[in-house]
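K.L.:
I have a structure here, written as structure tokens, and I will follow up with some questions on it.
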Amino acid sequence: MLFRDLSFSILPGTVTRVEGANGTGKTTLLRILAGLNDAWSGELLWCGKSRNWHREEFLRNVLYLGHRPGIKALLTPMENLRALVAPRRPVADSVLHQALSGTGLDGFHDVPCRRLSAGQQRRVALARLLIADEPLWLLDEVFTAIDAKGVSAIEALLQQRAAEGGAVVVTTHHELQLPGMRSIKLGEVAAQ
Amino acid sequence: MNAETRPLIKPQESAVSTVAAMRAVFSRDMKVAFRQRQDLLNPLLFFVMVVTLFPLGVSPEVSFLREAGAGILWVAALLSVLLSLDHLFRHDFDDGTLEQLVLQPQPLFLLVLAKTLAHWVLTGLPLVLLAPVLGVMVHLDGNSIAVLCLTLLIGTPVLSLIGAIGAALTLGLRSAGVLLSLLIIPLYIPVLIFGTGTVAAATEGAPVGAYVALMGAFLVLAITLAPFAAAAALKISLSNS
Amino acid sequence: MWQIFHKLGSPKWFFGIATRLMPWLLAGALALLAVGLVWGLAFAPKDYLQGNSYRIIFIHVPSAFLAQSVYIMMATAGVVTLVWRMKLADVFVKAVAPVGLVLTFLALFTGAVWGKPTWGTWWIWDARLTSMLILLFLYGGAIALDRAINDEKSAARAVAVLVLVGVVNIPIIKYSVEWWNTLHQPATFKLTEKPSMPAEMWVPLLLSVLGLYLLFGWLACLRMQTEILAREQRTRWVKEHVLARRAG
Numbered sequence: 001m002l003f004r005d006l007s008f009s010i011l012p013g014t015v016t017r018v019e020g021a022n023g024t025g026k027t028t029l030l031r032i033l034a035g036l037n038d039a040w041s042g043e044l045l046w047c048g049k050s051r052n053w054h055r056e057e058f059l060r061n062v063l064y065l066g067h068r069p070g071i072k073a074l075l076t077p078m079e080n081l082r083a084l085v086a087p088r089r090p091v092a093d094s095v096l097h098q099a100l101s102g103t104g105l106d107g108f109h110d111v112p113c114r115r116l117s118a119g120q121q122r123r124v125a126l127a128r129l130l131i132a133d134e135p136l137w138l139l140d141e142v143f144t145a146i147d148a149k150g151v152s153a154i155e156a157l158l159q160q161r162a163a164e165g166g167a168v169v170v171t172t173h174h175e176l177q178l179p180g181m182r183s184i185k186l187g188e189v190a191a192q
Numbered sequence: 193m194n195a196e197t198r199p200l201i202k203p204q205e206s207a208v209s210t211v212a213a214m215r216a217v218f219s220r221d222m223k224v225a226f227r228q229r230q231d232l233l234n235p236l237l238f239f240v241m242v243v244t245l246f247p248l249g250v251s252p253e254v255s256f257l258r259e260a261g262a263g264i265l266w267v268a269a270l271l272s273v274l275l276s277l278d279h280l281f282r283h284d285f286d287d288g289t290l291e292q293l294v295l296q297p298q299p300l301f302l303l304v305l306a307k308t309l310a311h312w313v314l315t316g317l318p319l320v321l322l323a324p325v326l327g328v329m330v331h332l333d334g335n336s337i338a339v340l341c342l343t344l345l346i347g348t349p350v351l352s353l354i355g356a357i358g359a360a361l362t363l364g365l366r367s368a369g370v371l372l373s374l375l376i377i378p379l380y381i382p383v384l385i386f387g388t389g390t391v392a393a394a395t396e397g398a399p400v401g402a403y404v405a406l407m408g409a410f411l412v413l414a415i416t417l418a419p420f421a422a423a424a425a426l427k428i429s430l431s432n433s
Numbered sequence: 434m435w436q437i438f439h440k441l442g443s444p445k446w447f448f449g450i451a452t453r454l455m456p457w458l459l460a461g462a463l464a465l466l467a468v469g470l471v472w473g474l475a476f477a478p479k480d481y482l483q484g485n486s487y488r489i490i491f492i493h494v495p496s497a498f499l500a501q502s503v504y505i506m507m508a509t510a511g512v513v514t515l516v517w518r519m520k521l522a523d524v525f526v527k528a529v530a531p532v533g534l535v536l537t538f539l540a541l542f543t544g545a546v547w548g549k550p551t552w553g554t555w556w557i558w559d560a561r562l563t564s565m566l567i568l569l570f571l572y573g574g575a576i577a578l579d580r581a582i583n584d585e586k587s588a589a590r591a592v593a594v595l596v597l598v599g600v601v602n603i604p605i606i607k608y609s610v611e612w613w614n615t616l617h618q619p620a621t622f623k624l625t626e627k628p629s630m631p632a633e634m635w636v637p638l639l640l641s642v643l644g645l646y647l648l649f650g651w652l653a654c655l656r657m658q659t660e661i662l663a664r665e666q667r668t669r670w671v672k673e674h675v676l677a678r679r680a681g
């Protein structure tokens, strides 16, 4: 068992960081919140309603980025981004182009992703954040393979998101300091 | 981007329709497959090679081949579908697109159905199209070949659908390929029996309508039940990863 | 209501009940099997066609019968695992799957032994034997899947899905194998279908079936207890139990 007696709320307009040493279950917690891990017991409410009974409504409102970026190596960034966004809402190609350019992938829109570096592939996944309308973001190790400039851009994006009323939950090994950031500490009891 | 000009973020209620999402899943799988065409040929080559083994290994006599031909083709097709099943979810699992599929705001079993349909179009259907050539090579008569193709046309989607359950259950396990075969082959037996039995009946000149209808019933049953089981199995396998 | 349900699912509660139940199960099983088998093997009349060799049905039929019902029990427990996440159901499936496999093997083995004097061959592609062989594959697959998944909760749920799919398939498999059998070999005489079996034959048969059920119950309890101890080894009650056993 990784954790027990865990209770918290995630409010609109906040960034929450899940903290804890390796193996304390940060990723597991995020996967549980997203609905990828069923091996838990308890209650999870979305807007006051049980998440498990309103699965599709909940999924429409959450954006999850995991360790694996969810990018197909044989498809181009455009095709990948469209596949990730299109099941959620109709989206114009121009919007997708803009998002990719916004992550610094200009000139790579139509190159198969297997020709891109690991960092560039992650940027394709991150492009979703620039055009996301989901109120809840669950970001697992979002800074992995991203250069310093990219990191500060993401930090700014998260802060802006919170200011607009979005809710963000992140796990990261990177030192993240945002004003008003909340935190959930895992592995506390075990350490005592 | 300016924070003041954008409206506050609110929960969304409308998602893209399930049919559109299924179509997107299907066409993405097709696109990925056609960018790696060699992978499409492999099950077909395997199919041809397995069929070739029988005249070489047992007997090239016309009488033997005519009697055993339908069975040989069916077993070869079954093995070739089995071989291709490992890919059904594995690449998606490795690159993380499977996670995103599970998190799509549509019923997962229908998305799984779309993926399985793509799998069939890419592996089962080519086998059906190739079967007449091999049928001639094992000296089946015209009528038997037609019935054979019909049974393969109805039977191979059942193989893909049942196989999807096994592929989902063994996702991310070591030696998943062998395990997958162990789990799935017993479940393939009815399809094999009716597939070959129908051709045998046709060769003897008996009416085959009832058998074909029964295979159709298998297909309907598989379409309605297998995606649920496969979707449940996918969630279990992802939970475990 | 929910509390009772929860209690029923508690491994510790089951462990206690099983400990009290097991002597009765074992005693009943031994008594019924002794009466059934001695009666069947020694005193029941000879078959007019097969002589004494038919007597293997007193082992063959009960094991074949139980092999099939164990699979259905596993599927029922699988539903409980998937819907209510009851730990005890997970333990049950894991504990009885190998028992089912052994029973299926026993049914096949006795069938082959019986086939030698009656059909003159060890194996015949008879519809029943073939169905049992496929059942053996289904058990084998479930056990292999269970062993392949490290996390016991995921393993239980994956096996539950597989067993449920299998149970939907069993009638289809049985039907298709029977159809296949009539297609390929008309006029095999069926041995287990005796329209007029005298009471001196079916009463001991019934007793052996019931006896084997009780034996299965005892074995299931025993294996479940072992599994529970292994799974709950970190809990206090297991530690206390083990210490008490060692002291006593």
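Protein chains in written order, with the numbering used here: chain A, 1 to 192; chain B, 193 to 433; chain C, 434 to 681.
Every residue gets a Cβ at the ideal spot worked out from N, C-alpha and C, and that includes glycine.
Computed from a predicted model, the values in this text were never measured in an experiment.
1. Using the beta-carbon of each residue, which ones in chain B are nearer than 8 angstroms to Phe570 of chain C?
2. Since Gly288 of chain B meets chain A, which of its residues come closer than 8 angstroms, beta carbon to beta carbon?
3. With contact counted as at least three CB pairs below 8 angstroms, one residue from each stretch, are the stretch 310-323 of chain B and the stretch 380-393 of chain B in contact?
4. Between Asp523 of chain C and Val170 of chain A, what straight-line distance do the alpha-carbon atoms span, to the nearest angstrom?
5. What residues in its chain sit with their C-beta under 6 angstroms from that of Asp284 of chain B, if we drop five residues either side in the sequence?
6. How many Å lie between Ala545 of chain C and Ser251 of chain B at the Cα?
7. Counting beta carbon pairs with one atom in the stretch 105-124 of chain A and one in the stretch 244-258 of chain B, are three or more of them shorter than 8 angstroms?
8. What's the C-alpha gap between Thr543 of chain C and Met407 of chain B?
9. Going by beta carbon distance, what residues of the same chain come within less than 6 angstroms of Ala510 of chain C, once the five residues before and after it are set aside?
10. Just the Cα atoms here: how many angstroms apart are Thr668 of chain C and Ile661 of chain C?
11. Rounded to whole angstroms, what's the CA-CA distance from Val273 of chain B to Ile264 of chain B? Just pull it up for me.
12. Name the residues in the stretch 45-64 of chain A whose C-beta lies less than 9 angstroms from a C-beta of chain B; which are they?
13. Does the contact criterion of 3 or more C-beta pairs under 8 angstroms hold for the stretch 461-480 of chain C versus the stretch 566-582 of chain C?
14. Relative to the C-alpha of Gly387 of chain B, which candidate in B:Ile428, B:Cys341, B:Ala421, B:Leu363 has its C-alpha closest?
15. If Gly119 of chain A sits next to Gly288 of chain B, beta carbons under 8 angstroms apart, how far is it from one beta carbon to the other, in whole angstroms?
16. Tell me which residues of the stretch 574-607 of chain C have at least one Cβ-Cβ distance to chain A shorter than 9 angstroms, keeping chain order.
17. Please list the partners that Ala39 of chain A has in chain C, where partner means a Cβ-to-Cβ separation under 8 angstroms.
18. The beta strand (DSSP E) spanning Val170 of chain A covers which residue range?
19. Would Arg4 of chain A count as contacting chain B if we go by Cβ distances under 8 angstroms?
20. Does the separation of the CB atoms of Val512 of chain C and Met519 of chain C fall below 8 angstroms?
21. May I ask you to list, following chain order, the residues of the stretch 88-116 of chain A that have a beta carbon less than 8 angstroms from some beta carbon of chain B?
22. Short check: CB of Leu411 of chain B to CB of Val330 of chain B, under 8 angstroms?
23. For the pair the stretch 153-171 of chain A and the stretch 53-68 of chain A, tell me if three or more CB-CB distances fall below 8 angstroms.
24. State the Cα-Cα distance for the pair Met506 of chain C and Val242 of chain B, rounded to the nearest angstrom.
25. Please return the same chain residues whose Cβ sits closer than 7 angstroms to the Cβ of Leu303 of chain B, not counting the five positions on each side in sequence.
26. Could you tell me the alpha carbon to alpha carbon distance between Ala588 of chain C and Leu237 of chain B, rounded to whole angstroms?
27. Look at Arg199 of chain A and Ala99 of chain A and say whether their C-beta atoms are less than 8 angstroms apart.
28. What are the residues that DSSP puts in a beta bridge with Tyr64 of chain A?
29. Where do the ends of the beta strand (DSSP E) carrying Arg182 of chain A lie?
30. Count the other C-beta atoms from every protein chain shown that fall within 10 angstroms of the C-beta of Ser276 of chain B, then say buried if there are 16 or more, exposed otherwise.
31. Does the distance from the CB of Val224 of chain B to the CB of Pro90 of chain A come in under 8 angstroms?
32. Give me whichever residues DSSP pairs with Trp46 of chain A in a beta bridge.
33. Compare the beta carbon distance of Gly102 of chain A and Leu130 of chain A with 8 angstroms and say whether it is the shorter of the two.
34. Leu295 of chain B CB to nearest chain A CB: under 8 angstroms?
35. Restricting to runs no shorter than 4 residues, where is the alpha helix (DSSP H) found entirely within the stretch 540-594 of chain C?
36. If you draw a straight line from the C-alpha of Leu195 of chain A to the C-alpha of Gly180 of chain A, how long is it?
P.N.:
Well, looking at it:
1. On the third sequence, position 137 is the one that residue 570 of chain C refers to. Ordered by position in chain B, the residues that pass the 8 angstroms Cβ test against Phe570 of chain C are Leu374, Ile377, Pro378.
2. The residue given as residue 288 of chain B occupies position 96 in the second sequence. Gly66, His67, Arg68, Pro69, Gly70, Ile71, listed in chain order.
3. no
4. For the purposes of this step, residue 523 of chain C is taken as residue 90 along the third sequence, with counting starting at 1. For the purposes of this step, residue 170 of chain A is taken as residue 170 along the first sequence, with counting starting at 1. For Asp523 of chain C and Val170 of chain A, the distance between alpha carbons rounds to 34 angstroms.
5. Counting from one through the second sequence, the residue named residue 284 of chain B turns up at place 92. Closer than 6 angstroms at Cβ, skipping near neighbours: Leu290.
6. As a working note, residue 545 of chain C is residue 112 in the third sequence. As a working note, residue 251 of chain B is residue 59 in the second sequence. Computed Cα separation, rounded: 30 angstroms.
7. no
8. Position 110 of the third sequence, counted from the start, is the residue given in the question as residue 543 of chain C. Position 215 of the second sequence, counted from the start, is the residue given in the question as residue 407 of chain B. Cα to Cα, Thr543 of chain C sits roughly 34 angstroms from Met407 of chain B.
9. For this step, residue 510 of chain C is matched to residue 77 along the third sequence. Hits under 6 angstroms: Ala522, Phe525, Val526.
10. Position 235 of the third sequence holds residue 668 of chain C. Position 228 of the third sequence holds residue 661 of chain C. Distance between the alpha carbons of Thr668 of chain C and Ile661 of chain C: 11 angstroms.
11. Residue numbering aside, residue 273 of chain B sits at position 81 when the second sequence is read from its first letter. Residue numbering aside, residue 264 of chain B sits at position 72 when the second sequence is read from its first letter. If I take the Cα positions, the gap works out to 14 angstroms.
12. Trp46, Cys47, Arg55, Glu56, Glu57, Phe58, Leu59, Arg60, Asn61, Val62, Leu63, Tyr64
13. no
14. As a first step, residue 387 of chain B is located in the second sequence; it is residue number 195 there, counting from the start. Of the listed residues, the one whose Cα sits closest to Gly387 of chain B is B:Cys341.
15. For the purposes of this step, residue 119 of chain A is identified with residue 119 of the first sequence, where counting begins at 1. For the purposes of this step, residue 288 of chain B is identified with residue 96 of the second sequence, where counting begins at 1. Wrong, their Cβ atoms sit about 16 angstroms apart, outside the cutoff.
16. Asp584, Lys586, Ser587, Arg590
17. By 1-based counting over the first sequence, the position of residue 39 of chain A is 39. Within chain C, the residues near Ala39 of chain A are Asp584, Lys586, Ser587.
18. In the first sequence, counting from the first residue as 1, residue 170 of chain A sits at position 170. Its beta strand (DSSP E) spans residues 167-171.
19. Translated into the one-based positions of the first sequence, residue 4 of chain A becomes position 4. Output row for Arg4 of chain A: interface = no.
20. Counted from its first residue, the third sequence places residue 512 of chain C at position 79. Counted from its first residue, the third sequence places residue 519 of chain C at position 86. No; because the gap between Cβ atoms is not below 8 angstroms, this pair is not in contact.
21. Arg88, Arg89, Pro90, Pro112
22. Indexing the second sequence from 1 puts residue 411 of chain B at position 219. Indexing the second sequence from 1 puts residue 330 of chain B at position 138. For Leu411 of chain B and Val330 of chain B, no; Cβs fall outside 8 angstroms.
23. no
24. To locate residue 506 of chain C, count along the third sequence from 1; it is residue 73. To locate residue 242 of chain B, count along the second sequence from 1; it is residue 50. Taking the straight line from one Cα to the other gives about 39 angstroms.
25. Position 111 of the second sequence, counted from the first residue, corresponds to residue 303 of chain B. Closer than 7 angstroms at Cβ, skipping near neighbours: Ala213, Met214, Val217, Leu293, Gln296.
26. Counting from one through the third sequence, the residue named residue 588 of chain C turns up at place 155. Counting from one through the second sequence, the residue named residue 237 of chain B turns up at place 45. Whole-angstrom Cα-Cα distance: 35 angstroms.
27. Residue 199 of chain A falls outside the range modelled here, since chain A spans only 1 to 192, and no answer is possible.
28. What you label residue 64 of chain A is simply residue 64 of the first sequence in a count that begins at 1. Note: Tyr64 of chain A sits in a beta bridge opposite A:Leu138.
29. Stepping through the first sequence from its first residue, residue 182 of chain A is reached at position 182. Here the beta strand (DSSP E) through Arg182 of chain A covers 182-185.
30. For the purposes of this step, residue 276 of chain B is taken as the residue at position 84 of the second sequence. The residue is buried, with at least 16 neighbouring Cβ atoms inside 10 Å.
31. Numbered from 1 along the second sequence, position 32 holds the residue referred to as residue 224 of chain B. Numbered from 1 along the first sequence, position 90 holds the residue referred to as residue 90 of chain A. No, these two residues do not count as a Cβ contact at 8 angstroms.
32. For this step, residue 46 of chain A is matched to residue 46 along the first sequence. In DSSP, Trp46 of chain A forms a bridge with A:Lys49.
33. Taking the first sequence and counting its residues from 1, the one referred to as residue 102 of chain A is at position 102. Taking the first sequence and counting its residues from 1, the one referred to as residue 130 of chain A is at position 130. Yes, Cβ-Cβ distance for Gly102 of chain A and Leu130 of chain A is below 8 angstroms.
34. Working through the second sequence from its first residue, we reach residue 295 of chain B at position 103. Cβ-Cβ to chain A under 8 angstroms: yes for Leu295 of chain B.
35. 560-581
36. Here chain A covers residues 1 to 192 and nothing more, so residue 195 of chain A does not appear.
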